[in-house]
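Asker:
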Amino acid sequence: MRIDCISIFPQIIADALAHSIPGRAQAGEQLSLHHHDLRAFTTDKHQKVDDIPYGGGVGMVFKPEPATAAIRAVKAMSATENRLVIHPSPAAPPLTQKAVNALAQYDQLIFIASRYEGLDQRVIDQHVDREYSIGDFVISGGELACAVMIDAVSRQIPGVVAKKESVEQDSYYDGLLDYPHYTRPAVFEEQAIPDELRSGHHEQIRIWRKKQALQRTLDLRPDLLETAALDKEAVKLLRSMGYRAKERS
């Protein structure tokens, strides 16, 4: 997969993705990551990328000319048509695991990171395919949001994560939160791990993990249960917890 990042601070994204799984994906050539300085697409001697907003108000808005030129230039660097242009925005819906899985199916993703009051709406209307947020809060710029989204997508690229099960058992992968995890020692500060995990009984462990994932989702993110894929076993377990669930594949 090829991912291009357009930003006035490309090093922020590059540094954030140089390590761990995204770093290994680049080293293994499953992920080809390219960084582009938005200022390189300006035409004035001051390399101005922003201007005051029409209608007044505080802050600055990213100008349409350099942003449009950058997107067009980056598109020309790849022959594929199987791509999306993405603009992180706190005003957009949050990125979900379902959306991440879909993004991983594209050959090329182009991220454009804005700052201040954001990107001129005409660029969004004409050249941006998707907008996502990373939560209901505001950070200093879109660079870190880009890095978070790219990290999530990189995990879904085949061969990047050595064990496929590690990805499939992540929180949100099947619409539920993950179950609790424990490691040695079995007893720490008088707290013992659950008996089921020490039983060696694989079916008992599987049921415990499923029940814990359902209980954690019910306690912390009950909204996820409205769309999660629930089999007969999950419905039965949820009903034992007092939740009126319906089977949903």
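At position 83 of the sequence shown (counting the first as 1) the number is 83 in the UniProt record's numbering, and the numbers step up by one without a gap.
Don't be surprised by glycine CBs; every beta carbon is placed ideally from N, CA and C.
Once you ignore the five residues that flank S78 on each side, which residues in its own chain have a CB closer than 7 Å to its CB?
Answerer: Here residue 78 refers to the residue found at position 78 when the sequence shown is read from its first residue. Excluding positions up to five away in sequence, the list reads R2, Q108.
Asker: Which term fits E190, buried or exposed, when burial requires 16 or more other beta carbons within 10 angstroms of its beta carbon?
Answerer: Translated into the one-based positions of the sequence shown, residue 190 becomes position 190. Flag for E190 reads exposed.
Asker: Hey, could you find the ends of the beta strand (DSSP E) R83 is sitting in?
Answerer: Stepping through the sequence shown from its first residue, residue 83 is reached at position 83. Element bounds for R83: 83 to 88.
Asker: Can you list, in chain order, the residues of its chain with a C-beta nearer than 6 Å to that of A152? Leave out the 5 residues immediately preceding and following it.
Answerer: The residue given as residue 152 occupies position 152 in the sequence shown. Cβ within range, chain order: V100.
Asker: If you draw a straight line from the C-alpha of T80 to the C-alpha of S20, how long is it?
Answerer: Residue numbering aside, residue 80 sits at position 80 when the sequence shown is read from its first letter. Residue numbering aside, residue 20 sits at position 20 when the sequence shown is read from its first letter. When rounded, the distance between both Cα atoms is 28 Å.
Asker: Counting pairs of Cβ atoms below 8 Å between the segment 154 to 163 and the segment 108 to 123, do you hit three or more?
Answerer: The segment 154 to 163, when compared against the segment 108 to 123, does not touch it at the 8 Å Cβ threshold.
Asker: Near R221, which residues of its chain fall below 7 Å by C-beta distance, leaving aside the five closest residues on each side in sequence?
Answerer: The residue labelled residue 221 in the question sits at position 221 within the sequence shown. So the qualifying residues of the chain are L177.
Asker: Count the other C-beta atoms from every protein chain shown that fall within 10 angstroms of the C-beta of T217, then say buried if there are 16 or more, exposed otherwise.
Answerer: By one-based count along the sequence shown, residue 217 stands at place 217. So T217 counts as buried.
Asker: What does a CB cutoff of less than 6 Å around A228 pick up in its chain, not counting 5 residues either side in sequence?
Answerer: If you number the sequence shown from 1, residue 228 lands on position 228. Only G175, L176 meet the Cβ criterion.
Asker: Secondary structure at S78, three-state DSSP: helix, strand or coil?
Answerer: In the sequence shown, the residue the question calls residue 78 occupies position 78. Residue state, collapsed to three classes: coil.
Asker: What residues match up with V187 in a beta bridge as DSSP calls it?
Answerer: Within the sequence shown, the letter at position 187 stands for residue 187. Beta-bridge pairing links V187 to A192.
Asker: I'd like the list of long-range same chain contacts for A145, defined as Cβ closer than 6 Å, with 5 residues on each side in sequence excluded.
Answerer: For the purposes of this step, residue 145 is taken as residue 145 along the sequence shown, with counting starting at 1. P88, I134.
Asker: Based on the DSSP output, what are the partners of H35 in its beta bridges?
Answerer: Within the sequence shown, numbered from 1, the residue matching residue 35 stands at position 35. In DSSP, H35 forms a bridge with C5.
Asker: Which residue comes first and which comes last in the alpha helix (DSSP H) that contains L144?
Answerer: The residue labelled residue 144 in the question sits at position 144 within the sequence shown. Where L144 is concerned, the enclosing alpha helix (DSSP H) stretches over 142 to 154.
Asker: Touch check for the segment 63 to 71 and the segment 30 to 48: three-plus C-beta pairs under 8 Å?
Answerer: yes
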